[in-house]
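Structure first, then comments.
Chains as they are written, first to last, in the working numbering: chain C, 65 to 754; chain B, 108 to 210.
Next comes the structure, spelled out in structure tokens:
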């Protein structure tokens, strides 16, 4: 394991780094525009989403070329653009983006695979009435994912991360009319939320400790030297440093997103979404976000490494990854849904990536991430093509013999399968898995992860052979005639198949270009690496793994064309193991009996409290106010109104009296006038008397 | 008995007759005639006080009486006009029936 190279950001950002924000912004803007389009404007939606992502791909390639050029000249490229979002007191909340080898590689991968999946979706979703909505969500997803990739601020990363989670929810539940799809979307959202809570805690703690949200900030970022020293010196509980504790919290978030044990339950259910979604989200990008996150905060995970190069946080990552890899591979053996097999395979491969990160560093994990993204997207899209060709049938027992009906799909699917199995030399999956196994073999703490990963690899070859035998060999067991998919779907398959083979070139031991690029070292070509005994041993191990897995699988399932209703070959051999594997180790049932049962009970208690206690209190207060209102009404009618009425009566009577003088008879007035004058005169005379 | 007192007595008599007429007659025209009598009683007083006052050469009392007669003529014209209007409206000149303005 190499010591990680700490990048020192260059002071001036290059022009491409300055406009890096356009890469996620374009698809997000496209998504916003599409959301305003009417349902029948399919062409506009297609052009917008694919055009924006093509533009992002172009920018990503320019950025990648820029980073490679800088690296070739021996200058580590790590350009950041930071700015203050807002400020309270003396604390600033900073956002920013970063262009370094890690982000540039991810950018190219996400935009390229994403673009192929977009194109594939044109064919796959052609008959769906909500075509524009689909592309709206896809674009938003792609934009958010690219936002995760370029973030230099853990806050910006978290925001994009949550948008990714939201779009994942929307896309899994795209066919929300199906109750199972709606439930799967909810499950995915809630399960990842469990991890995200820990992630958020980690962010808050990191912010509180280091006072900055930025990863790289000219030496003052949260994962640069100065902050890490402070974090290491700060003790947390159980004898762990704050760096380790924060690392573990962030890893919990990554585990939720990447389907690691014990938060993997949502990923198989997420297969309810349309197949391009499964390919885009649950193979190539979103689930890789967790792995990418660990790679991004790797200096934090690695801080305080001992001589062996490992830390408590990385040890946890390794064990979780290795367990997931084995666990999911076991379950995948006994599934019958073509997409579910691939889903468990994805979980298993994500376990490999995590283990690779824990054992061998950023480059090892990331290399598997990149190669896996290509061949797993290929497999998912191949599966989509098969499902499309078999009239929406997903049960592999009802397929069979499709190699003649769908030759192009078969050829590309076969390449993807061989890459996933890790067939030596010719396929990219071999080189990336090989690097992980090599690191595991050299791990100083324990050899157990190595054996777990090797056994997982055997199982991978086994279940993929089982699947491909069921689907493509033997005789067709379905009802309707199967047909090949349109060109718009098969062309992306062919392109991905090419990369599933070719990508291995950049990661061979003889020319470890990818690893050197990420670790910022010079890449040397040394053919001697192929002759080293350790590597030859690994090559031999890989051969044995592949031969064992494929051979065993072919013996049990190859070309036998079982009846659709007949029990599985493995089921006949060891029924009880089969039952356990088929029921996924009863994890869902376990959660149902513990967490969900507890929440149901708690909800019932809360409901009772609400109805009886709080509801009663509210009712009592209401009753009191009612009483008070009655009293007020009594006072009002009897006291206030009574007084008023009486006063009015008096005034009315007085007015009547006075009005009776006003009789309307002129002579009366004159009479009174005359009497008054007489009285006046009398008074005058009387008073002027001497 | 001085001539002044006898004039004043006559004027008072005329005023009393006019007042009684205005108060007791029901016919509006006769009430108007009573009022005219009262006015003329006042005019008689003006003349008497002027004639037997300290400056009989200044003609002030005469002026007052002439003004008063002019005003009385106008008043009689307006009053008769009103009576005619009321008669046209109510077909009567009985003042006791003209009580629509009572409060």
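From the three backbone atoms N, C-alpha and C, an ideal C-beta is built for every residue, glycine too.
Alpha-carbon to alpha-carbon, residue j and residue i
| i | j | result |
| --- | --- | --- |
| residue 126 of chain B | residue 191 of chain B | 22 Å |
| residue 69 of chain C | residue 359 of chain C | Any reading at residue 69 of chain C must be qualified, since the residue scores a pLDDT of 46, below 50, and its modelled position is unreliable; no value is offered. |
| residue 364 of chain C | residue 211 of chain C | 21 Å |
| residue 349 of chain C | residue 689 of chain C | 59 Å |
| residue 422 of chain C | residue 378 of chain C | 5 Å |
| residue 62 of chain C | residue 637 of chain C | No answer is possible for residue 62 of chain C: the residues shown for chain C start at 65 and end at 754. |
| residue 306 of chain C | residue 84 of chain C | 33 Å |
| residue 746 of chain C | residue 704 of chain C | 50 Å |
| residue 78 of chain C | residue 247 of chain C | 47 Å |
| residue 87 of chain C | residue 167 of chain C | 12 Å |
| residue 118 of chain C | residue 682 of chain C | 59 Å |
| residue 684 of chain C | residue 249 of chain C | 42 Å |
| residue 511 of chain C | residue 599 of chain C | 17 Å |
| residue 476 of chain C | residue 560 of chain C | 8 Å |
| residue 590 of chain C | residue 572 of chain C | 10 Å |
| residue 110 of chain C | residue 553 of chain C | 15 Å |
| residue 530 of chain C | residue 454 of chain C | 19 Å |
| residue 710 of chain C | residue 717 of chain C | 11 Å |
| residue 735 of chain C | residue 130 of chain B | 6 Å |
| residue 671 of chain C | residue 651 of chain C | 28 Å |
| residue 649 of chain C | residue 366 of chain C | 33 Å |
| residue 301 of chain C | residue 262 of chain C | 16 Å |
| residue 722 of chain C | residue 708 of chain C | 21 Å |
| residue 148 of chain C | residue 157 of chain C | 6 Å |
| residue 336 of chain C | residue 541 of chain C | 23 Å |
Other residues of its chain near residue i: CB distance less than 6 Å, five sequence neighbours each side excluded
| i | result |
| --- | --- |
| residue 398 of chain C | 642, 645, 646 |
| residue 612 of chain C | 522 |
| residue 436 of chain C | 413 |
| residue 229 of chain C | 256 |
| residue 483 of chain C | 439, 491, 492, 493, 564 |
Partner residues on chain C for residue i, Cβ-Cβ distance less than 9 Å
| i | result |
| --- | --- |
| residue 129 of chain B | 731, 734, 738 |
| residue 126 of chain B | 734, 738 |
Contact with chain C by residue i, beta-carbon distance below 8 Å
| i | result |
| --- | --- |
| residue 203 of chain B | yes |
Closer than 8 Å to chain B by CB, residue i
| i | result |
| --- | --- |
| residue 752 of chain C | no |
Contacts that residue i makes with chain C (C-beta to C-beta distance below 7 Å)
| i | result |
| --- | --- |
| residue 145 of chain B | Neighbours of residue 145 of chain B on chain C: none; closest Cβ ~10 Å, over 7 Å. |
Neighbouring residues, chain C, relative to residue i (Cβ below 8 Å)
| i | result |
| --- | --- |
| residue 207 of chain B | 728 |
| residue 189 of chain B | Under the 8 Å cutoff, chain C gives no residues; its nearest Cβ is about 11 Å from residue 189 of chain B. |
Beta-carbon contacts of residue i that lie in its chain and below 7 Å, excluding the five residues immediately before and after
| i | result |
| --- | --- |
| residue 517 of chain C | 386, 389, 416, 419, 500, 501, 504 |
| residue 622 of chain C | 533, 537 |
| residue 231 of chain C | 201, 204, 205, 208 |
| residue 287 of chain C | 279, 361, 363, 364 |
| residue 149 of chain B | 175 |
Sequence-distant residues of the same chain with beta carbon closer than 8 Å to residue i, five excluded per side
| i | result |
| --- | --- |
| residue 556 of chain C | 180, 181, 183, 184, 445 |
| residue 117 of chain B | 151 |
| residue 664 of chain C | none |
| residue 155 of chain C | 275 |
| residue 602 of chain C | 498, 501, 502, 505 |
| residue 558 of chain C | 472, 476 |
| residue 740 of chain C | none |
Near the ligand SAH: residue i beta-carbon under 7 Å from a heavy atom
| i | result |
| --- | --- |
| residue 432 of chain C | With respect to the ligand SAH, the structure shown offers nothing to examine, as it has no ligands at all. |
Cβ contact (3+ pairs, closer than 8 Å) linking the region 212-221 of chain C and the region 240-260 of chain C: No: the two stretches stay apart, fewer than three of their Cβ pairs being nearer than 8 Å.
Residues from the region 687-715 of chain C in contact with chain E, defined by Cβ distance under 8 Å: Annotation note: the requested chain E is absent from the structure, which comprises protein chains C and B.
Validate contact between the region 324-338 of chain C and the region 389-407 of chain C using beta carbons, cut 8 Å, 3 pairs: yes
Stretch-stretch touch, CB-based, cutoff 8 Å, three pairs: the region 580-591 of chain C with the region 493-506 of chain C: no
At least 3 beta-carbon pairs within less than 8 Å: the region 471-489 of chain C vs the region 439-451 of chain C: yes
The region 283-300 of chain C / the region 262-275 of chain C touching (three or more Cβ pairs under 8 Å): yes
Inter-stretch contact at 8 Å, needing at least 3 Cβ pairs: the region 122-139 of chain B / the region 182-199 of chain B: At 8 Å Cβ cutoff, the stretches touch.
Sufficient close CB pairs (3 or more, under 8 Å) joining the region 115-130 of chain C to the region 168-175 of chain C: yes
Cβ contact (3+ pairs, closer than 8 Å) linking the region 692-707 of chain C and the region 164-183 of chain B: no
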